[in-house]
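Heads up, the sequence shown is in my numbering, so the first residue is 8 and it goes up one at a time. Note that beta-carbon positions come from the ideal geometry of N, C-alpha and C, so glycine has one too. What follows is a single structure, written as structure tokens, with notes after it.
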Amino acid sequence: MKLKSYLWPAIGLAAVGFSVWLLYHELRGISLEDVGEGMAAIPLHRWLLAGLSSVVAYIALAGYDHIALTHLGRKIPFGFITISSFTTYALSHNIGGSVLSGAVIRYRAYASKGLSGQEVGVLVALCSFTFVLGAALLSALLLILEPHVLDRFVDLPPIPAGRVTGVAILGLIALYIFGSWLHLKPLRIGSLQIHYPRLPIVARQMIIGPVELMAAAAIIYFALPVAGNPGYFVVLGVFVISFSAALISHAPGGLGVLEIVFLAGLSDMDQAAVLAALLVFRLFYLIIPLILALFVVVVFERSQFQRG
8 MKLKSYLWPA
18 IGLAAVGFSV
28 WLLYHELRGI
38 SLEDVGEGMA
48 AIPLHRWLLA
58 GLSSVVAYIA
68 LAGYDHIALT
78 HLGRKIPFGF
88 ITISSFTTYA
98 LSHNIGGSVL
108 SGAVIRYRAY
118 ASKGLSGQEV
128 GVLVALCSFT
138 FVLGAALLSA
148 LLLILEPHVL
158 DRFVDLPPIP
168 AGRVTGVAIL
178 GLIALYIFGS
188 WLHLKPLRIG
198 SLQIHYPRLP
208 IVARQMIIGP
218 VELMAAAAII
228 YFALPVAGNP
238 GYFVVLGVFV
248 ISFSAALISH
258 APGGLGVLEI
268 VFLAGLSDMD
278 QAAVLAALLV
288 FRLFYLIIPL
298 ILALFVVVVF
308 ERSQFQRG
């Protein structure tokens with residue numbers, strides 16, 4: 008257990024170090040003044056649209072917990088779920104190792120409402136799966152509708168092969184939906200029963216996951232300059248790849264990993280402007296939510312202490 012507790016933080020820090028080194032070599036010709044000018048060039052209305060996109064993204068993130076708790080048959084006040092989800096994602100996105108850190112934060116919150124450790128485990132697993140499902144669905148649609156996105160990263164086989172891959176992913180998603188329609192029996196692991204999500208739950212998963220990713224990508228899209236902007240769906244495709252890489256790396260806040268992958272995906276744009284847009288994303292999606300989440304944690308822990 009001690010090894011596991013140190014392994015993922017070590018991997019995350021190593022990913023940050025390597026990515027920062029790559030960024031240093033990639034951006035040696037860009038000054039802080041260039042980035043500052045890029046941020047100053049963003050019109051006010053696009054700042055407001057980026058901020059609104061962040062709000063939509065966090066509302067969708069709260070939907071992950073609402074879906075999971077509905078699946079578990081647990082009735083918890085709507086406001087408590089929303090605040091708990093917001094705090095969980097705001098902290099875990101910044102800490103890194105989002106599954107593990109999110110599990111700890113959720114357990115602390117939902118245990119106060121009577122959920123067992125097993126139930127919190129199922130909740131965390133379902134929330135993570137909803138994200139993966141949303142990312143897979145968007146990736147499949149992008150492979151079919153915008154197959155050129157992947158060409159920005161690697162040389163791939165002809166476009167029809169990419170579209171076939173997209174159709175294959177949709178086929179796997181269709182099997183998941185079909186399994187729900189069949190009402191498969193619960194999976195038993197010791198005393199734990201894992202029930203297959205019902206069709207209404209699956210339908211909500213299909214909506215909320217893509218909405219969250221699309222809103223998060225919109226933060227960067229609105230912060231990018233109009234000149235040379237490849238369009239929302241290309242930005243969305245680059246974002247899904249870079250955000251997924253940042254999560255897999257377990258780097259705190261995806262620091263460095265998100266930037267290096269995103270800059271590679273938009274290498275044909277002014278790199279200072281792209282970096283400025285990524286800083287706007289970090290401000291709205293990570294920094295401001297982190298500050299608010301820390302305030303929520305202080306209030307929550309104070310109320311628990313007074314009850315104790």
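| Query | Result |
| --- | --- |
| Give me the residue from L290, A280, V305, A300 with the minimum Cα distance to G45. | A280 |
| Just how far apart, CA to CA, sit V127 and L98? | 17 Å |
| Can the beta-carbon of A230 be found less than 9 Å from the beta-carbon of F302? | no |
| Mapping the DSSP letters down to three states, classify L177 as helix, strand or coil. | helix |
| Would DSSP call R289 helix, strand or coil? | helix |
| Cutting at 8 Å between CB atoms, please list the residues of its own chain near L191, excluding the five before and the five after it. | Y203 |
| For P237 and V247, I'd like the C-alpha separation in whole angstroms. | 15 Å |
| Could you tell me which uninterrupted alpha helix (DSSP H) segments, each at least 4 residues in length, are contained entirely in the stretch 30-100, listed from first to last along the chain? | 39-47, 51-79 |
| Out of curiosity, what's the CA-to-CA distance linking A147 and S310? | 45 Å |
| CB G141 to CB G216, shorter than 9 Å? | yes |
| Just the Cα atoms here: how many angstroms apart are E153 and I227? | 18 Å |
| Consult DSSP for L2 and reduce its assignment to one of helix, strand or coil. | No information on residue 2 is available, as it lies outside the stretch 8 to 315 that the chain covers here. |
| Please state whether DSSP places L194 in a helix, a strand or coil. | strand |
| Of the residues I255, M276, S256, G261, which one's Cα is nearest the Cα of V320? | No statement about residue 320 is possible, as the shown extent of the chain runs from 8 to 315 and does not include it. |
| Where do the N-terminal and C-terminal ends of the alpha helix (DSSP H) with Y203 fall, by residue? | It is not in any alpha helix (DSSP H) - Y203 carries neither H nor E in the DSSP assignment. |
| On the premise that L220 lies in contact with L145, defined as a C-beta separation below 8 Å, what is that separation, rounded to the nearest angstrom? | 6 Å |
| Go ahead and label R113 buried or exposed: buried means 16 or more other beta carbons lie within 10 angstroms of its beta carbon, across all protein chains shown. | buried |
| Could you compute how far the alpha carbon of A75 sits from the alpha carbon of S123? | 14 Å |
| Would S92 pass as a contact of F291 if the rule is Cβ separation under 9 Å? | no |
| Rounded C-beta distance between L293 and N101? I'm assuming under 8 Å. | 6 Å |
| Looking at A57: is its Cβ nearer than 9 Å to the Cβ of A225? | yes |
| Buried or exposed: which applies to I88, given that a residue is buried once 16 or more other Cβ atoms fall within 10 Å of its Cβ? | buried |
| Identify whether L189 lies in helix, strand or coil by the three-state DSSP scheme. | coil |
| In this structure, does DSSP put S123 in helix, strand or coil? | coil |
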